[in-house]
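Undergrad: Here the sequence shown stands for residues 30 to 211, numbered as in my numbering.
All residues carry an ideal CB built from backbone N, CA and C; glycine is no exception.
The model shown is predicted, which means the values in this text are computed figures rather than measured ones.
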Amino acid sequence: MVCVALIDRDGVLNRDRPDYIKNEDELEVFSFARAALETFKDAGWLVYVVSNQSVVGRGLASVAAVEATTAKLVRAVGPVDGVFYCYHRPEDECGCRKPEPGLLLQGLAAAAAAGALEERWMVGDSARDVEAGRRAGCRTAVVLTGHLTAEEARRLEPPPDVVADDVLEAAKLITAPRGASY
Ligand SMILES: [Mg+2]
Ligand SMILES: [Zn+2]
Numbered sequence: 030m031v032c033v034a035l036i037d038r039d040g041v042l043n044r045d046r047p048d049y050i051k052n053e054d055e056l057e058v059f060s061f062a063r064a065a066l067e068t069f070k071d072a073g074w075l076v077y078v079v080s081n082q083s084v085v086g087r088g089l090a091s092v093a094a095v096e097a098t099t100a101k102l103v104r105a106v107g108p109v110d111g112v113f114y115c116y117h118r119p120e121d122e123c124g125c126r127k128p129e130p131g132l133l134l135q136g137l138a139a140a141a142a143a144g145a146l147e148e149r150w151m152v153g154d155s156a157r158d159v160e161a162g163r164r165a166g167c168r169t170a171v172v173l174t175g176h177l178t179a180e181e182a183r184r185l186e187p188p189p190d191v192v193a194d195d196v197l198e199a200a201k202l203i204t205a206p207r208g209a210s211y
């Protein structure tokens, strides 16, 4: 049986920027991100990054720049099982830009190649992460290091399964033995 965590990037693993992360120099990885991913790994979970990166479709960054940013992220947090990006703009109306579920379904398909899925979670910092997670059949966690305050996170309708201060707390809650209270 396979447990999989789909994790948004900006605002979760690294600080988000209103003007997009356009190159690796603009990537500021959170100090607790590595421990969070190690928490999932130590519990035997697969971890995929699923992130809207319309910065490419908008012509603000090249694919090569995003790939260099990914390489810097992985150096900071350790290897992940996969990274799935949507490069489209909202007006492209693709099926992968969150809140569409396509990006998450790619991650789940990759995970399912390793075995039947037991637990599937989406961890994000915005309403569209929660919506995409729900549409992909995942339980959802919101972290408070990005777009939402605790109040806003709890008021989402329907609410996320978990609201955590940051991705490390989320990882600990999600991987806790069953019976633990969320
Ligand atoms: Mg985000
Ligand atoms: Zn897309």
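#1: CB of LEU134 to nearest heavy atom of ligand 2: below 8 Å?
#2: From this set, VAL191, VAL78, CYS125 and GLY88, which residue's C-alpha is nearest ASP48's C-alpha?
#3: What are the start and end residues of each continuous alpha helix (DSSP H) run of 4 or more residues lying completely inside the segment 89 to 176, in chain order?
#4: In this structure, how does DSSP classify ASP39 when only helix, strand and coil are distinguished?
#5: Could you check where the beta strand (DSSP E) with VAL76 kicks off and where it finishes?
#6: On the CB-based measure, 16 or more other CB atoms within 10 Å of its CB, does THR178 come out buried or exposed?
#7: Can you tell me the Cβ-Cβ gap for ASP154 and VAL41, rounded? I've got them flagged as a contact below 8 Å.
#8: Regarding HIS117 and ligand 2, is the C-beta to nearest heavy atom distance less than 8 Å?
#9: What span of residues does the alpha helix (DSSP H) with VAL196 cover, start to end?
#10: Do you know how far the Cα of CYS125 is from the Cα of THR169?
#11: For ALA140, which residues from the same chain have a beta carbon less than 8 Å from its beta carbon, with the 5 sequence-adjacent residues on both sides left out?
#12: Less than 9 Å between the C-beta atoms of ALA165 and LEU35, yes or no?
#13: Between SER83 and the rest of its own chain, which residues show a CB-CB distance below 6 Å, the 5 nearest in sequence each way excluded?
#14: Where DSSP assigns a beta bridge to VAL192, which residues make up the other side?
#15: Cβ atoms of PRO128 and ALA161: under 9 Å apart, would you say?
TA: In this structure, then:
#1: Your numbering for residue 134 matches position 105 in the sequence shown. Not so, every heavy atom of ligand 2 lies at least 8 Å from the Cβ.
#2: Locating residue 48 in the sequence shown gives position 19, where the first residue counts as 1. It is GLY88 whose Cα lies nearest to the Cα of ASP48.
#3: 92 to 106, 131 to 141 and 156 to 164
#4: The residue given as residue 39 occupies position 10 in the sequence shown. Strand at ASP39.
#5: Locating residue 76 in the sequence shown gives position 47, counting from the first residue. Unbroken beta strand (DSSP E) run through VAL76: 75 to 81.
#6: One-based indexing of the sequence shown puts residue 178 at position 149. With fewer than 16 Cβ atoms within 10 Å of its Cβ, THR178 is classed as exposed.
#7: Position 125 of the sequence shown, counting from 1, holds the residue named residue 154. Position 12 of the sequence shown, counting from 1, holds the residue named residue 41. With a Cβ gap of about 5 Å, ASP154 and VAL41 count as contacting.
#8: By 1-based counting over the sequence shown, the position of residue 117 is 88. Yes.
#9: Within the sequence shown, residue 196 is the residue found at index 167, counting from 1. Start and end: 196 to 204.
#10: For this step, residue 169 is matched to residue 140 along the sequence shown. For this step, residue 125 is matched to residue 96 along the sequence shown. Distance between the alpha carbons of THR169 and CYS125: 18 Å.
#11: Sequence index remark: in the sequence shown, residue 140 carries index 111 (1-based). Within the same chain, ALA140 has close Cβ partners VAL31, VAL33, LEU75, TYR77, ASP110, LEU146 and ARG149.
#12: For the purposes of this step, residue 165 is taken as the residue at position 136 of the sequence shown. For the purposes of this step, residue 35 is taken as the residue at position 6 of the sequence shown. For ALA165 and LEU35, yes; Cβs fall inside 9 Å.
#13: Translated into the one-based positions of the sequence shown, residue 83 becomes position 54. Taken in chain order, the residues that qualify are ARG118.
#14: Along the sequence shown, read from residue 1 onward, the residue named residue 192 stands at position 163. According to DSSP, which records beta bridges pairwise, VAL192 is partnered with VAL171.
#15: Here residue 161 corresponds to residue number 132 of the sequence shown, with the count starting at 1. Here residue 128 corresponds to residue number 99 of the sequence shown, with the count starting at 1. Against a cut-off of 9 Å, the Cβ pair of PRO128 and ALA161 comes out as a contact.
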